[in-house]
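J.: To start, I am sharing the structure in question, which I have written as structure tokens.
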Amino acid sequence: MIDGYSNLLLLCPTHHTIIDKDGGAAFSVEQLIKMRTRHESDVDAKQTTHDVQRREASERTLGGVLAWERKAGVDAWPSVALGLSHPIPRIDFDDRSLLLKQGEWLLGRWWPPGTPTVSRAFANLSHVLGVLTWAMEAVLESEESPAGTRFYEARRQYKRIGWNPPLYTELLNEHRRDCATLWWLIAELTRAYNFVVDAVRQDADPYYRFDEGYVMLYEGDDLHARVSSPRYLPEEAAVLPHDYTLQQLVEAIRTEAAAHHNNDAEGIDLNVFRPPFTSTQA
Numbered sequence: 414m415i416d417g418y419s420n421l422l423l424l425c426p427t428h429h430t431i432i433d434k435d436g437g438a439a440f441s442v443e444q445l446i447k448m449r450t451r452h453e454s455d456v457d458a459k460q461t462t463h464d465v466q467r468r469e470a471s472e473r474t475l476g477g478v479l480a481w482e483r484k485a486g487v488d489a490w491p492s493v494a495l496g497l498s499h500p501i502p503r504i505d506f507d508d509r510s511l512l513l514k515q516g517e518w519l520l521g522r523w524w525p526p527g528t529p530t531v532s533r534a535f536a537n538l539s540h541v542l543g544v545l546t547w548a549m550e551a552v553l554e555s556e557e558s559p560a561g562t563r564f565y566e567a568r569r570q571y572k573r574i575g576w577n578p579p580l581y582t583e584l585l586n587e588h589r590r591d592c593a594t595l596w597w598l599i600a601e602l603t604r605a606y607n608f609v610v611d612a613v614r615q616d617a618d619p620y621y622r623f624d625e626g627y628v629m630l631y632e633g634d635d636l637h638a639r640v641s642s643p644r645y646l647p648e649e650a651a652v653l654p655h656d657y658t659l660q661q662l663v664e665a666i667r668t669e670a671a672a673h674h675n676n677d678a679e680g681i682d683l684n685v686f687r688p689p690f691t692s693t694q695a
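Add 413 to a position in the sequence shown, counting from 1, and you land on the number used in the numbering used here.
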């Protein structure tokens, strides 16, 4: 398998450039395997059994993490999040499919012993992504542009009724609460991505994403986007993952909106809002 441990070769940037030059024409697969085997043997001879096991766990973890990055399109997430954080949330068909495939991949994944923070971080990511998937299913509907491009956009039932002011207000408030639910989950998924970054740095490689940095979040619209890099506080990360359902999140946002005497959720500051089930009390 192309993403498997047996196909992994970790290199410094300098030698990565040298070996990849001209499409790797100067180095055969056999040469690269011999180089890796010789290097591992030299290192093994100088290490204890515990050191060897820990190194192998780190390497296998990094191999899995890099495979996840490619499958998930992590670096493309800011642009996907920007579309979902629009006043009328939307997502391209391919981007939605990528999120679904990432969720499926995470469900079948386990991590080596000795990487407890990585295991918790990916368990948390899997759960948040699952709730976001259910939210998109509940809130978005399939559309097609005049050019034939498929996308998903928040349904607006309040625009599909006759003259009925009370019902219009009720449906508009529900739409705004639905959008608030999506917006909170978008920020939460970005926090989950960045918890993975910190976890890999802690358990496997302190220089993971040294060049790329944390995952960014763009919120708003194409003209007025707010940029941030949301992360969990240490006390929040310590009790992850949380076990909650989409319905619990919807009810928490409804309760918070009512507390602000504004049933449409516009009075909620989603940058600081934390539902009750995210309590830091372990």
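Using N, Cα and C, we set each Cβ at its ideal position, and we do this for glycine too.
May I ask which residues mark the beginning and end of the alpha helix (DSSP H) holding residue 433?
T.: Segment 426-433, the alpha helix (DSSP H) holding residue 433.
J.: Do residue 521 and residue 546 come within 8 Å of each other at the CB atom, strictly closer than that value?
T.: No, these two residues do not count as a Cβ contact at 8 Å.
J.: With a threshold of 7 Å on Cβ separation, who are the neighbours of residue 595 within its own chain once the five nearest residues in sequence on each side are excluded?
T.: Closer than 7 Å at Cβ, skipping near neighbours: 497, 502, 548 and 552.
J.: In terms of alpha-carbon separation, which member of 633, 691 and 451 lies closest to residue 645?
T.: Closest by alpha carbon: 691.
J.: Assign residue 567 to one of three DSSP states: helix, strand, or coil.
T.: In this structure, residue 567 counts as strand in the three-state DSSP scheme.
J.: Hey, would you say residue 538 sits closer than 8 Å to residue 609, going by beta carbons?
T.: Yes, they are a contact pair.
J.: How big is the Cα-Cα spacing for residue 524 and residue 480?
T.: Going by the C-alpha atoms only, they are around 13 Å apart.
J.: Using a C-beta cutoff of 8 Å, does residue 549 count as contacting chain B?
T.: Among the chains of the structure shown, chain B does not appear; only one protein chain is present.
J.: Quick one: residues in its chain with C-beta nearer than 7 Å to the C-beta of residue 444, no 5 flanking neighbours on either side, listed in chain order?
T.: Excluding sequence neighbours, residue 444 sits near nothing in its chain.
J.: What residue range does the alpha helix (DSSP H) around residue 581 cover?
T.: Here the alpha helix (DSSP H) through residue 581 covers 578-616.
J.: Taking the alpha-carbon positions, what's the residue 684 to residue 600 distance?
T.: Distance between the alpha carbons of residue 684 and residue 600 is about 8 Å.
J.: Check residue 421 in the structure and name its three-state DSSP category.
T.: Looking at residue 421 - three-state DSSP - the assignment turns out to be coil, as it is neither helix nor strand.
J.: Ignore the nearest five residues each way along the sequence and tell me which others in residue 528's own chain have a CB closer than 7 Å to its CB.
T.: So the list reads 470, 474, 616 and 617, once near-sequence residues are dropped.
J.: For residue 431, count neighbouring Cβ atoms within 10 angstroms of its own Cβ and tell me buried if that reaches 16, exposed if not.
T.: Per the 10 Å Cβ criterion, exposed.
J.: Identify the continuous alpha helix (DSSP H) that holds residue 666 and give its terminal residues.
T.: Per DSSP, residue 666 belongs to the alpha helix (DSSP H) from 659-672.
J.: Distance check for residue 663 and residue 682, CA to CA, integer angstroms please.
T.: Rounded to whole angstroms, residue 682 to residue 663 spans 15 Å at the Cα level.
J.: Identify whether residue 640 lies in helix, strand or coil by the three-state DSSP scheme.
T.: In this structure, residue 640 counts as strand in the three-state DSSP scheme.
J.: Do you know whose CA, among 648, 630, 634 and 647, lies nearest residue 641's CA?
T.: When each option's Cα is compared against that of residue 641, the closest is 630.
J.: Do you know how far the Cα of residue 626 is from the Cα of residue 614?
T.: Going by the C-alpha atoms only, they are around 11 Å apart.
J.: Closer than 7 Å: is that where the CB of residue 502 sits relative to any heavy atom of the ligand SAM?
T.: Summarising the ligand content, the structure contains no ligands, and the ligand SAM is consequently not present.
J.: Could you name each continuous beta strand (DSSP E) segment of 3 residues or more that falls completely within the segment 464-534, going from the start of the chain to the end?
T.: Entirely contained in the segment 464-534, the beta strand (DSSP E) runs reaching 3 residues are, in chain order, 503-505.
J.: Buried or exposed: where does residue 666 fall if 16 or more other Cβ atoms within 10 Å of its Cβ makes it buried?
T.: With 16 or more other Cβ atoms within 10 Å, it is buried.
J.: Please report the straight-line C-alpha distance between residue 611 and residue 624, rounded to a whole angstrom.
T.: Computed Cα separation, rounded: 14 Å.
J.: Quick check on the burial criterion: 16 or more other C-beta atoms within 10 angstroms. Buried or exposed for residue 643?
T.: Buried, by the Cβ-count rule.
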